[in-house]
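Chemist:
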Amino acid sequence: MATIYLVRHGQASFGAEDYDRLSQIGWQQGRVLGRALKFSQATAAKPLAVFGGTLRRHRETVEAMARGFGDGLPAMQVASGFDEFDHVALIHRHRPQWQDHSVMARDLAASIAPAKTFQMEFFAAVQRWASGGFDHEYAESWPGFKTRVLAALDEAVSRAAGKDLLVVTSGGPIAVNVQALLDLSDERTLDLNSMIANTSVTRVLYSSRERHGDSRRSLAVFNNYSHLEAEDPALVTFR
9 MATIYLVRHG
19 QASFGAEDYD
29 RLSQIGWQQG
39 RVLGRALKFS
49 QATAAKPLAV
59 FGGTLRRHRE
69 TVEAMARGFG
79 DGLPAMQVAS
89 GFDEFDHVAL
99 IHRHRPQWQD
109 HSVMARDLAA
119 SIAPAKTFQM
129 EFFAAVQRWA
139 SGGFDHEYAE
149 SWPGFKTRVL
159 AALDEAVSRA
169 AGKDLLVVTS
179 GGPIAVNVQA
189 LLDLSDERTL
199 DLNSMIANTS
209 VTRVLYSSRE
219 RHGDSRRSLA
229 VFNNYSHLEA
239 EDPALVTFR
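Structural data, given as structure tokens:
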């Protein structure tokens with residue numbers, strides 16, 4: 009058996025004009041994970057293939073991990089299928105007035121808990137998207153997103169040729185893969201998405217003889233962030 013490590017990116021820059029870059033905490037989370045991965049790989053002594061999406065926060069997470077890992081972490085192979093859904097488009101469909109970033113910033117600043125308010129609005133926006141009632145309003149539907157993500161992992165497994173596989177992606181793709189493994193409802197899948205920690209590791213076992221269209225995979229670990237807790241519990245973040 010070989011292992012797929014599904015890693016959520018480090019903390020991005022919430023509230024900034026450019027969300028798609030790691031915060032200082034995000035960089036530290038990546039370095040800590042890289043050190044932990046180095047130890048586990050030294051113990052297992054298995055070859056590793058690394059994949060990630062096209063997003064800056066994916067690339068920077070791999071860069072941070074490489075700093076913690078040191079020499080030997082393979083270069084990331086880019087696959088757009090591992091990109092997150094367009095959360096900006098979802099928010100704008102849910103709250104059209106927030107297309108003006110200054111209006112969104114003003115509204116959030118006026119709330120008692122801006123981060124919690126944004127999270128509630130974000131969850132409502134995702135539920136609207138996944139409901140199936142507004143598919144015509146989105147460039148990518150919820151079913152289309154799931155199909156894209158699952159196809160990307162199938163392709164990565166094929167290209168990994170039996171190696172352990174590290175995929176740096178986002179919460180949405182991780183939740184969708186867990187859904188496929190456990191046959192979860194969409195509602196439960198969206199709940200899972202909200203609890204996946206930054207740089208957490210979800211481990212999936214797969215057959216090294218797996219052929220395209222003949223997947224044999226099982227979930228071993230979900231959302232493990234013990235590497236952060238061991239370093240500093242303050243490093244555990246979810247947004």
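Count along the sequence shown from 1, then add 8; that gives the number in my numbering. Quick reminder that beta carbons are idealized off the backbone N, C-alpha and C, glycines included.
Can you name the start and end residues of the alpha helix (DSSP H) that L116 belongs to?
Modeler: The count along the sequence shown starts at 1 and reaches residue 116 at position 108. First-last of the alpha helix (DSSP H) with L116: H109 to A117.
Chemist: In terms of DSSP beta bridges, what is D172 paired with?
Modeler: If you number the sequence shown from 1, residue 172 lands on position 164. DSSP lists L56 as partners of D172.
Chemist: Run through the DSSP bridge pairs and tell me what L30 is partnered with.
Modeler: The residue you call residue 30 lines up with position 22 of the sequence shown. In the DSSP output, where bridge partners are listed per residue, L30 has A20.
Chemist: What does the alpha-carbon distance come out to for the pair S21 and T69?
Modeler: On the sequence shown, residue 21 is found 13 positions in, with the first residue counted as 1. On the sequence shown, residue 69 is found 61 positions in, with the first residue counted as 1. Taking the straight line from one Cα to the other gives about 13 Å.
Chemist: Just the Cα atoms here: how many angstroms apart are R114 and V134?
Modeler: Taking the first residue of the sequence shown as 1, we reach residue 114 at position 106. Taking the first residue of the sequence shown as 1, we reach residue 134 at position 126. Going from the Cα of R114 to the Cα of V134 covers about 22 Å.
Chemist: What are the boundary residues of the beta strand (DSSP E) that N206 is part of?
Modeler: Here residue 206 corresponds to residue number 198 of the sequence shown, with the count starting at 1. Careful: N206 lies outside any beta strand (DSSP E) and carries neither H nor E.
Chemist: Helix, strand or coil for R75 per DSSP?
Modeler: Residue 75 sits at position 67 when you count from the first residue of the sequence shown. DSSP places R75 in helix when its eight states are reduced to three.
Chemist: Comparing alpha-carbon positions, which option in F93, L63, R101 and A169 lies nearest A10?
Modeler: Reading the sequence shown from its first residue, position 2 is the one you call residue 10. For the residues F93, L63, R101 and A169, the minimum Cα distance to A10 belongs to A169.
Chemist: Tell me R225's beta-bridge partners as DSSP assigns them.
Modeler: Translated into positions along the sequence shown, residue 225 becomes position 217. DSSP output for R225 lists Y214 as bridge partner(s).
Chemist: Starting from the Cα of G80, find the closest Cα among L98, A123 and R43 and give me that residue.
Modeler: Here residue 80 corresponds to residue number 72 of the sequence shown, with the count starting at 1. Comparing Cα positions, the closest option is R43.
Chemist: Quick check on the DSSP output: the alpha helix (DSSP H) that includes S234 runs from which residue to which?
Modeler: Position 226 of the sequence shown holds residue 234. Residues S234 to E239.
Chemist: Here's a check: name, in chain order, each residue in its chain whose Cβ is nearer than 6 Å to the Cβ of F93, leaving out the five neighbours to either side.
Modeler: Numbered from its first residue, the sequence shown carries residue 93 at position 85. So the qualifying residues of the chain are F153 and G180.
Chemist: Give me whichever residues DSSP pairs with L14 in a beta bridge.
Modeler: The residue you call residue 14 lines up with position 6 of the sequence shown. According to DSSP, L14 bridges with V175 and T210.
Chemist: Can you tell me whether F153 is helix, strand or coil according to DSSP?
Modeler: Within the sequence shown, numbered from 1, the residue matching residue 153 stands at position 145. Residue state, collapsed to three classes: helix.
Chemist: Using only the alpha-carbon positions, how far apart do N185 and P122 sit?
Modeler: Counting from 1 along the sequence shown, the entry for residue 185 is found at position 177. Counting from 1 along the sequence shown, the entry for residue 122 is found at position 114. Going from the Cα of N185 to the Cα of P122 covers about 30 Å.
Chemist: Skipping 5 residues on each side, what residues in its chain have a beta carbon closer than 6 Å to that of M84?
Modeler: Position 76 of the sequence shown holds residue 84. Counting only Cβ-Cβ distances below 6 Å, and skipping sequence neighbours, we find V58, G60 and V70.
Chemist: Does DSSP classify V86 as helix, strand or coil?
Modeler: Position 78 of the sequence shown, counting from 1, holds the residue named residue 86. Of the three classes helix, strand and coil, the one that applies to V86 here is strand, per DSSP.
Chemist: Which same chain residues end up closer than 7 Å to N201 when comparing Cβ atoms and leaving out the 5 residues on each side of it in sequence?
Modeler: Start at 1 with the first residue of the sequence shown, and residue 201 comes out as number 193. Here the set comprises G179, G180 and A183.
Chemist: Between the segment 142-161 and the segment 31-48, are three or more C-beta pairs nearer than 8 Å?
Modeler: Cβ pair count under 8 Å is below three, so no.
Chemist: Using the three-state DSSP reduction, which class does F230 fall into: helix, strand or coil?
Modeler: For this step, residue 230 is matched to residue 222 along the sequence shown. The answer is strand: DSSP assigns F230 an E or B state.
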